[in-house]
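Reading through the structure tokens given below for one structure.
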Amino acid sequence: DHHHLHLSSCHECLQLENSTIESVRFASAENIPELSDDCSSKLEEKNDDCLSRGIKRVNLVGKPPNILIYLGSETAKVEFEQVKSILQECIDADSYTIYQLHEEQVLKAPWIDNSILLIIATEEPISEENHKQFMKFLCKGGKILGFSSSFTFDGIQIKKNKLKKTVHELVVSKMDCTEIKLNLLVSGCIFEEVMKEDTCKVKTLSRLNNADKDIVIVHLTYGDSGGEAILSQVLHLQ
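In terms of my numbering, the sequence shown opens at residue 353 and continues consecutively.
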């Protein structure tokens with residue numbers, strides 16, 4: 353099947369990630385050189401070497417403008433390019449370098465201290481080891497966007513329902529505290545809040561327009577260094 357990231361009413365949807373996107377844009381104010389075109393053009397065949405060389409280069413002058421896309425065990429270039437193209441609509445594409453974070457790189461590549469944003473776009477289960485790495489990234493001020501991912505932490509958990517591959521009406525909370533309604537494809541999972549005493553703060557950004565008001569997009573903060581995550585069960589890779 354042809355894979356693409358479904359985004360209806362794109363401009364409205366982009367508001368859902370506003371706090372994370374704004375943090376990405378803020379980083380662009382830093383005078384950081386871009387990675388070479390040669391590095392980007394050889395991304396697929398030499399991703400690991402390219403990532404390491406690029407990280408070392410920009411780390412000499414400041415916080416690297418690296419954005420990573422994690423697709424689990426998937427290595428298909430088509431999927432990476434499709435997620436990348438959506439990202440480029442949200443950010444200044446000339447100011448950031450987008451890489452695929454391969455499965456074998458999660459535990460060994462020096463990406464945690466050298467990236468500003470991690471996109472988790474896989475429905476595959478997240479291993480305990482990888483989860484610890486992602487949490488370490490958040491603890492150090494990293495930002496995470498989860499698209500139809502099983503990745504959660506602290507105040508929320510995933511619950512499956514019967515909504516897979518169906519379009520539903522959503523109530524979306526905008527930045528000005530008003531609400532809009534959108535019809536979007538859902539992944540088949542919802543979020544549930546769990547009672548825990550921790551430093552995590554959970555904010556509902558979107559819910560289904562149903563009796564249970566099932567939560568489908570959440571914003572979470574983590575740690576004292578500005579770590580944030582926006583997790584969505586709406587933007588479905590299919």
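Beta carbons: idealized from backbone N, C-alpha and C, even for Gly.
For residue i, the three-state DSSP class (helix, strand or coil)
i	result
serine 479	coil
alanine 581	strand
isoleucine 443	coil
serine 404	Note that serine 404 scores 49 on pLDDT, short of 50, meaning its location in the model is unreliable and no value can be drawn from it.
valine 568	strand
tyrosine 574	strand
isoleucine 450	strand
serine 558	strand
leucine 459	coil
lysine 492	coil
phenylalanine 503	coil
valine 586	coil
isoleucine 421	strand
isoleucine 438	helix
Candidates the options: closest to residue i by CA position
i	options	result
leucine 423	Gly494, Pro477, Lys492 and Glu441	Pro477
asparagine 535	Cys529, Lys526, Asp528 and Thr518	Thr518
glutamate 433	Ile464, Glu455, Ala473 and Ser558	Ala473
histidine 520	Asp528, Lys533 and Lys526	Lys533
isoleucine 508	Val435, Glu481, Thr556 and Ile443	Thr556
leucine 560	Gln457, Leu522 and Gly575	Leu522
aspartate 576	Leu469, Lys553 and Lys565	Lys553
glutamate 544	Asn466, Cys529, Thr530 and Leu572	Leu572
serine 502	Glu531, Glu456, Ser447 and Gly540	Gly540
alanine 461	Asn482, Val568 and Lys526	Asn482
alanine 445	Gln457, Cys529, Pro417 and Glu455	Pro417
valine 524	Gly494, Val568, Val546 and Asn513	Val568
serine 425	Phe505, Met527, Glu475 and Glu480	Glu475
C-beta contact flag for residue i and residue j at 7 Å
i	j	result
glycine 578	leucine 490	no
isoleucine 314	lysine 511	This structure does not reach residue 314, given that the chain is present from 353 up to 590, and the question cannot be answered.
isoleucine 496	alanine 563	no
leucine 420	leucine 453	yes
lysine 429	isoleucine 450	no
serine 584	phenylalanine 486	no
lysine 488	isoleucine 464	yes
Integer Cβ distance of residue i from residue j, believed to fall under 8 Å
i	j	result
valine 586	valine 538	6 Å
isoleucine 468	leucine 439	Not a contact, Cβ separation roughly 12 Å.
tyrosine 448	phenylalanine 505	That pair is no contact at about 25 Å.
* Taking only runs that begin and end inside the stretch 507 to 541, name each unbroken alpha helix (DSSP H) of 4 or more residues, in chain order. => If we require 4 residues or more, the stretch 507 to 541 turns out to have no alpha helix (DSSP H) run fully inside it.
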